[in-house]
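Just add 225 to the spot in the sequence shown (first one is 1) and you have the numbering used here. Notes follow once the structure below has been shown.
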Amino acid sequence: MPPSTTAPRIALGPEGGAGWLSDAIVAGGGHQVPIGEAEALVWAGAGDVDGLAAALHDNPGLAWVQLPFAGVENFVDLVDDDRIWTCGKGVYAEPVAEMALTLALAGMRGLGSYARATSWSGPQGRNLIGANVAILGGGGIAESLLRLLQPFDCDITVVRNHVQDMPGADIVLDSDGYADAIANADLVVLALALTPETEGIIGASELELMGRNAWLVNVARGRHVVTDELVVALRDGVIAGAGLDVTDPEPLPAGHPLWSMPNCIITPHTANTPEMAKPLLGERVTANVKRWAEDAELIGLIDADAGY
């Protein structure tokens, strides 16, 4: 850790990285320096894995790396125990939870079908009020969504790796209990990290468990869901519908069957827009630079073994 009597020497990468993150570094009391002089690196290139790998190789003295997003699956092969790694976990919880609630309400109340209609149609939809809800994932998004769901008086089960009480949840199960949680749920929300264990966690058998009245909402990662099996389930009425902010593949190609399905609502990975993200990530970087200077625990620590 850096001595508290000096300003932390923080680099911003890739070269020419976002100026607003420079402001965030300075606001935290940091001194932005070239990477060769830095003790820590704020990495803004969300898709530039090779660039970060090269930066780490050329600068082995970097002791802390801050990644921009909550999901770190692109960088997981670089995460090690030789330095401290942090990410944006929890930063975007509020806007993403808001989108999960939006997709749930829109789907369950039939707004997707109504929006596509070209003439007056009959009534459809079910209440979220009093519904059985399963949330897979127990991080910041789940915490925010639990709060947002309180007025709806839902019966809520959360599935997470480490069982602990969560305000607003009626039941908390460990990851082995996810099948019990989704069985006959009215709403299943995916808000978990993408790891080898959670890739494809929702396929044909899980969709069958959910039942004909259930809506699936995915605001996590597209690869949590086996897309071809979801298409079949939506086509055959295995579940009532799906609200997807993320897909596999992504972007979802034009002409893909999901686009034309009346019981599928798709938003283009916009649960957290750049306009929403910038101030939130800036606040996180500022807070962590301050903590780094104070030799305090950083926020959003990545577990190298768990992969998130």
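Backbone N, C-alpha and C define an ideal beta-carbon position, used for all residues, glycine too.
Note to self: According to DSSP, is alanine 467 part of a helix, a strand, or is it coil?
What the structure shows: Start at 1 with the first residue of the sequence shown, and residue 467 comes out as number 242. DSSP places alanine 467 in strand when its eight states are reduced to three.
Q.
Beta-carbon within less than 8 Å of serine 400's beta-carbon, same chain only, minus the 5 sequence neighbours each way: which residues are those?
A. Position 175 of the sequence shown, counted from the first residue, corresponds to residue 400. Around serine 400: Val384, Arg385, Asn386, Glu422.
| said: Rounded to the nearest angstrom, what separates cysteine 312 and leucine 415 at their Cα positions? | reply: Residue 312 sits at position 87 when you count from the first residue of the sequence shown. Residue 415 sits at position 190 when you count from the first residue of the sequence shown. Near 20 Å, if we compare the C-alpha coordinates of leucine 415 and cysteine 312.
**Request:** Would you list the residues sitting across from alanine 359 in a DSSP beta bridge?
**Result:** The residue you call residue 359 lines up with position 134 of the sequence shown. Beta-bridge pairing links alanine 359 to Thr382, Val413.
Considering only the beta carbon of each residue, do glycine 393 and leucine 371 sit closer than 9 Å? Locating residue 393 in the sequence shown gives position 168, counting from the first residue. Locating residue 371 in the sequence shown gives position 146, counting from the first residue. Yes.
Note to self: Can you list, in chain order, the residues of its chain with a C-beta nearer than 8 Å to that of proline 259? Leave out the 5 residues immediately preceding and following it.
What the structure shows: Looking up residue 259 in the sequence shown gives position 34. Cβ within range, chain order: Ala236.
Discussion item. Which residue wins for smallest C-alpha separation from valine 514, given the options Glu262, Gly241, Gly238, Leu266?
Written reply: The residue given as residue 514 occupies position 289 in the sequence shown. Among Glu262, Gly241, Gly238, Leu266, the Cα nearest to that of valine 514 belongs to Leu266.
9 Å Cβ cutoff met for aspartate 390 and aspartate 380
One-based indexing of the sequence shown puts residue 390 at position 165. One-based indexing of the sequence shown puts residue 380 at position 155. Not closer than 9 Å, so no.
**OP:** Could you tell me if isoleucine 250 is buried or exposed, where buried requires 16 or more neighbouring beta carbons within 10 angstroms of its beta carbon?
**Re:** Walking along the sequence shown from the start, residue 250 turns up at place 25. Isoleucine 250 should be labelled buried.
query: Under a three-way DSSP split, which group does leucine 352 fall into?
result: As a first step, residue 352 is located in the sequence shown; it is residue number 127 there, counting from the start. The residue you asked about is not leucine; residue 352 is asparagine in the sequence shown. If DSSP states are grouped into helix, strand and coil, asparagine 352 belongs with coil.
Helix, strand or coil for proline 239 per DSSP?
By 1-based counting over the sequence shown, the position of residue 239 is 14. Three-state result, proline 239: coil.
Let me check understanding here. Comparing Cα to Cα, which of Tyr317, Leu434, Arg437 lies closest to proline 293? Looking up residue 293 in the sequence shown gives position 68. It is Tyr317.
Taking only the alpha-carbon atoms, compute the straight-line gap between serine 485 and leucine 328 and give it to the nearest angstrom. Against the sequence shown, residue 485 aligns to sequence position 260. Against the sequence shown, residue 328 aligns to sequence position 103. Looking at the two C-alpha atoms, the distance is approximately 17 Å.
Margin query: Does the stretch 293 to 312 come into contact with the stretch 524 to 531, if we say contact requires no fewer than three beta-carbon pairs (one atom in each stretch) closer than 8 Å?
Written below: yes
For the alpha helix (DSSP H) that asparagine 513 lies in, which residues bound it at each end? Residue numbering aside, residue 513 sits at position 288 when the sequence shown is read from its first letter. Its alpha helix (DSSP H) spans residues 499 to 518.
Quick check: alanine 269 and glycine 238, are their CB atoms within less than 9 Å of each other? Counting from one through the sequence shown, the residue named residue 269 turns up at place 44. Counting from one through the sequence shown, the residue named residue 238 turns up at place 13. Result yes, Cβ atoms of alanine 269 and glycine 238 sit closer than 9 Å.
**Asked** Among all the DSSP beta bridges, which residues are the ones paired with arginine 234?
**Response** Here residue 234 refers to the residue found at position 9 of the sequence shown. Answer is His256, bridged to arginine 234.
Starting from the C-beta of valine 321, find all residues in its chain whose C-beta is less than 6 Å away, skip the five residues before and the five after it, and write them out in chain order.
Position 96 of the sequence shown, counted from the first residue, corresponds to residue 321. Only Ile366, Val444, Ala496, Asn497 meet the Cβ criterion.
Self-check item: Bridge partners - valine 397, DSSP secondary structure assignment
Solution: Within the sequence shown, residue 397 is the residue found at index 172, counting from 1. Val383, per the DSSP bridge assignment.
Quiz item: What are the boundary residues of the alpha helix (DSSP H) that alanine 278 is part of?
Solution: As a working note, residue 278 is residue 53 in the sequence shown. 274 to 283 is the span of the alpha helix (DSSP H), which, as asked, contains alanine 278.
Margin query: Can you tell me where the beta strand (DSSP E) holding isoleucine 491 begins and where it ends?
Written below: Walking along the sequence shown from the start, residue 491 turns up at place 266. Its beta strand (DSSP E) spans residues 489 to 491.
### Message
Does the beta-carbon of valine 316, which I'm using as the reference point, lie nearer than 8 Å to any heavy atom of the ligand MN?
### Response
Within the structure as shown, the ligand MN is missing, as the structure has no ligands at all.
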